[in-house]
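One structure is given here, and the rest of the page talks about it.
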Amino acid sequence: MLSRLFLLFPLLAASQTIHAHHAFAADYEAGKAGNVEGTITEIIYKNPHARYYIEVDSAGGGKEIWDLQTMNLMMLGRVGWTKDTLKVGDKISVDGILGRNNTKRMSINVVTHEDGRVISPQRGIAESNADLNARTSLEADSPRGEFISLAANISPGDYELEDNHAYLGFSYDHMGLSNPQLQFTEFDATLSLDGNNMANSRVDIAVNAASIVAAVPEFEARLRGEEFLNVEQHPEISFVSTGYSETSDTTGTLQGDLTIAGITKPATLTVSIHAAAMNQLNKREMIGFAANGTISRSAYGMSDFADWVADDLELNIQVEFQKARESKTEAGR
Amino acid sequence: MNRKTFIAATAALVIVGCGQNDNPVTDSGGDGAPSGRYAVDRLHTYLSFSYLHQGLSYPLLRATDVMGELQFDSEDMSNSIIDVSVAAASIRTNVEHFDKELASRKFFNADKYPYMTFSTDHFEATSGNEGVLHGNVTIKGITKPLELVVTFNDGFVHPVLEVPVLGFSATGSLSRSDFGLDRFVPVVSDTVVLNIEVEFRHGSTDESLAAASIARDGV
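In the order they appear, the protein sequences are chains A and B.
Those letters in the first sequence? Residues 1 to 333, by the working numbering.
Those letters in the second sequence? Residues 1001 to 1219, by the working numbering.
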């Protein structure tokens, strides 16, 4: 039986991908430009980066393969760069940023094609260098939203909770003495992600109210009872998102309807995306984020001990999602 | 005097006490909570820790069996001494087989090393009601120094239990590889962040446990 930790082995590879997104400098020597010329042997036109492998005549007389990377498909699509723009067998000359430590990798700045086209991931496809240079980078005045979400690194679609790595915690001020850290241990969630337009993304969460854990079982039993969660009558706590607005490429505000003990109120969560990348072993795209927010327990009819326990509950949610399989088969944990 | 007024009055006394002293840390709580022996209040103690998993998330793990005693000096908190032990098999991840794996020889080897311990070297008051607790932590038989940034939240006589209580929040971090817990570094981060919320009750551990079983005040 595979333990959850064995699943981590692939992630050495995955974490390299993650680093490539978070820290460009991890793979490329910033500012160290170079040029390579060769013939395209393989194209991987997929997120998080489109990649072109080219065969180059090496200084020693043989052949070597270079790994050329550019941006994610959404950004390429903005300038008209599609999977058909470059083809296997095309001869190209590429200016870009060289990989560290003499690895045969490059981040593409400009591709000059044998047919005369000059192609830039920022400025699109031009007939000549002069034509290209006359254009301003789309980055400079993007007609789209203010931010390119980190989630654009992975494909749009349905994502399911990776429930080995999902935590739903909350805390509150107890008599000015301490801030107890409670959790719900059983919940499921679905994410409909559109990294290219995060406002279209949706998340639904369903929590087993009885799964609350506290410091001692007696307190847990009390919280399940009628004066608090009343789990007999209301076994499920739910959150259904109604909107998302980005505040940066990794942060945003998630609006939704939160239902606790049968009472529904609007709630706002602040989302922080930690990473969005491919898990290299099982080839499933993943996204991990934190969500924090404050809710008033009295708004949900739970106002006992108001003298001793703060009304505000601080939510701390840590979750990972993985791309749902078409067939909905077991994830292979 | 109702409960709220009582707490407010106690808090006011504490604040006045702070204001009259050049070194408020040594005196805060002095009016509400006397010097002496205190025990961890297991109803109100939470020891959580976290790490970065694959760059994607920060799991929230819990150590659920925490015992400890505090020799509290209300006149000079730097004279206070704390000893805490945490059952290595009591870590909860919300995933049953991972709980077992953590207790196994792959990680904490709880059969051979059933308890993690922390003992005080000295407390260094920094500002206001904060300070740095310098101590030693022992995990899997390996002892290393550990610094915790501590906030003394409050101390007073509990209005219902009629026993002095103290509350602290503390944070710190350690490198798990220092303690032979280096599996999956760096995919799972070496740095583990500790988040401690702890209350103490005046009396011995036995008295605190007895009180907890009788009172079950719950909140």
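Here a beta-carbon is modelled for each residue, glycine too, at the ideal position from N, C-alpha and C.
Under the 8 Å criterion on CB atoms, TYR1046 of chain B is classed as interfacial with respect to chain A. In the DSSP secondary-structure assignment, PRO1164 of chain B is bridged to B:VAL1157.
Using a Cβ-Cβ cut-off of 8 Å, GLN122 of chain A does not count as an interface residue toward chain B, since no Cβ of chain B sits closer than that to its own.
DSSP, reduced to helix, strand and coil, places ASN179 of chain A outside both helices and strands of the structure shown, so it counts as coil.
Per DSSP, PHE1200 of chain B lies in no alpha helix (DSSP H); the unbroken beta strand (DSSP E) holding it starts and ends at 1191-1202. Within the region 1053-1068 of chain B, the residues whose Cβ lies closer than 8 Å to some Cβ of chain A are HIS1053, GLN1054, GLY1055, LEU1056, SER1057, TYR1058, PRO1059, LEU1060, ARG1062 and THR1064, listed in chain order. It is roughly 30 Å from the alpha-carbon of GLN233 of chain A to the alpha-carbon of PRO1059 of chain B. Judged by their CB atoms, GLU320 of chain A and ALA166 of chain A are nearer to each other than the 8 Å cut-off. Put simply, the region 94-107 of chain A does not touch the region 146-160 of chain A. Fewer than three CB pairs are less than 8 Å apart.
In the three-state DSSP reduction, GLU246 of chain A falls in the strand class (E or B). In the assembly as shown, THR1143 of chain B is an exposed residue. Its beta-carbon has fewer than 16 other beta-carbons within 10 Å. Scanning A:GLN318, A:SER155 and A:VAL309 for the CA closest to the CA of ASN179 of chain A turns up A:VAL309. In this structure, DSSP gives TYR300 of chain A a helical state, which the three-state scheme calls helix. No Cβ of chain A is located within less than 8 Å of the beta carbon of VAL1192 of chain B.
For the region 1160-1180 of chain B, the residues whose beta carbon sits under 8 Å from a beta carbon of chain A are, in order, VAL1165, LEU1166, GLY1167, PHE1168 and SER1169. The alpha carbon of ALA267 of chain A has as its nearest neighbour, out of A:SER241, A:ASN279 and A:SER245, the alpha carbon of A:SER241.
Classified as exposed, ASP84 of chain A has fewer than 16 neighbouring CB atoms from the shown chains inside 10 Å of its CB. Ranked by how close their Cα comes to the Cα of GLU236 of chain A, the residues A:ILE263, A:LEU177 and A:TYR244 have A:ILE263 in first place. Listed along the chain, the chain B residues whose CB falls inside 7 Å of the CB of THR185 of chain A are ASN1094. Boundaries of the alpha helix (DSSP H) harbouring LEU132 of chain A: 129-133, taken from the DSSP string.
Under the three-pair Cβ rule at 8 Å, the region 1192-1202 of chain B counts as touching the region 173-187 of chain A. Taking CB atoms only, GLN280 of chain A has no neighbour in chain B less than 8 Å away. Note: VAL319 of chain A is bridge-paired with A:ALA166 and A:PHE289 in the DSSP secondary-structure output. Taking 8 Å as the cut-off, the Cβ atoms of ILE154 of chain A and ILE287 of chain A count as close. For ARG1037 of chain B, the closest Cβ of chain A is not nearer than 8 Å. Around SER93 of chain A, the same chain offers ASN35, GLU37 and THR112 as residues with beta carbons nearer than 7 Å, after the five sequence neighbours per side are excluded. Per the C-alpha coordinates, the member of A:GLY169, A:GLY293, A:ASP173 and A:LEU168 positioned closest to GLY1167 of chain B is A:ASP173.
Ranking A:ALA299, A:VAL271 and A:SER303 by CA distance to the CA of PHE289 of chain A puts A:VAL271 first.
ARG105 of chain A carries a strand assignment under DSSP once its states are collapsed to helix, strand and coil. Residue state for ARG325 of chain A is assigned as coil, using DSSP reduced to three classes. A residue is called buried when at least 16 other Cβ atoms come within 10 angstroms of its Cβ; GLN122 of chain A meets this threshold and is buried. For SER1050 of chain B, the CB contacts under 8 Å within the same chain, skipping 5 residues up- and downstream, are TYR1058, PRO1059, LEU1060, LEU1061, VAL1192, VAL1193 and ASN1195 in chain order. In the DSSP assignment, TYR52 of chain A forms a beta bridge with A:ILE43 and A:LEU68.
Membership of ALA1063 of chain B in the beta strand (DSSP E) is indicated by the continuous run 1061-1063. Distance between LYS91 of chain A and GLY243 of chain A, taken at the CA atoms: about 46 Å. Bridge pairing for ILE263 of chain A: A:ILE260 [DSSP].
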